[in-house]
Amino acid sequence: MVTDNLPPPSVTAKLLQSTSIGKVRLYVTDPMIIKALGNTNIGITIAAANGDILAMAADVSFAKSWIC
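When you read off a place in the sequence shown, starting at 1, and then add 3, the result is the number in my numbering.
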């Protein structure tokens, strides 16, 4: 069993809003995190893994599935 003591995305978003942080980089496309950061005026950059770049460029369906 894997456990962690990380706060939920909504709490993290509120914490970020209380600071001067204006942008974050995400390394996973977790819809709950993206939704929590919505309407916060915090910019989001989502990083794709190096191994996915060529597949995204070559296959529109793969690129769309990665985004959604």
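Just so you know, even glycine gets a beta-carbon here, dropped at the ideal spot from N, CA and C.
Segment limits, beta strand (DSSP E) that includes residue i
i: L29; result: 26 to 29
Cutoff 8 Å; reference residue i; Cβ partners in own chain excluding five residues on either side
i: W69; result: T32, A51, D55, M59
Coarse secondary structure for residue i, derived from DSSP in three states
i: G41; result: coil
i: T48; result: strand
i: L18; result: helix
i: D55; result: helix
Cβ shell of residue i (< 6 Å), same chain only, five flanking positions each side left out
i: P20; result: The question names Pro, but residue 20 is Gln in the sequence shown. So the qualifying residues of the chain are T43.
i: A16; result: A39, L40, T43
Among the options, the one whose alpha carbon lies nearest that of residue i
i: P11; options: G46, G41, I36; result: I36
Whole-number beta carbon distance between residue j and residue i, since they are thought to touch under 8 Å
i: I45; j: V27; result: 6 Å
Nonlocal neighbours in the same chain, by C-beta distance under 7 Å from residue i, ignoring five residues either side
i: A66; result: M59
Where the alpha helix (DSSP H) through residue i begins and ends
i: S68; result: 63 to 70
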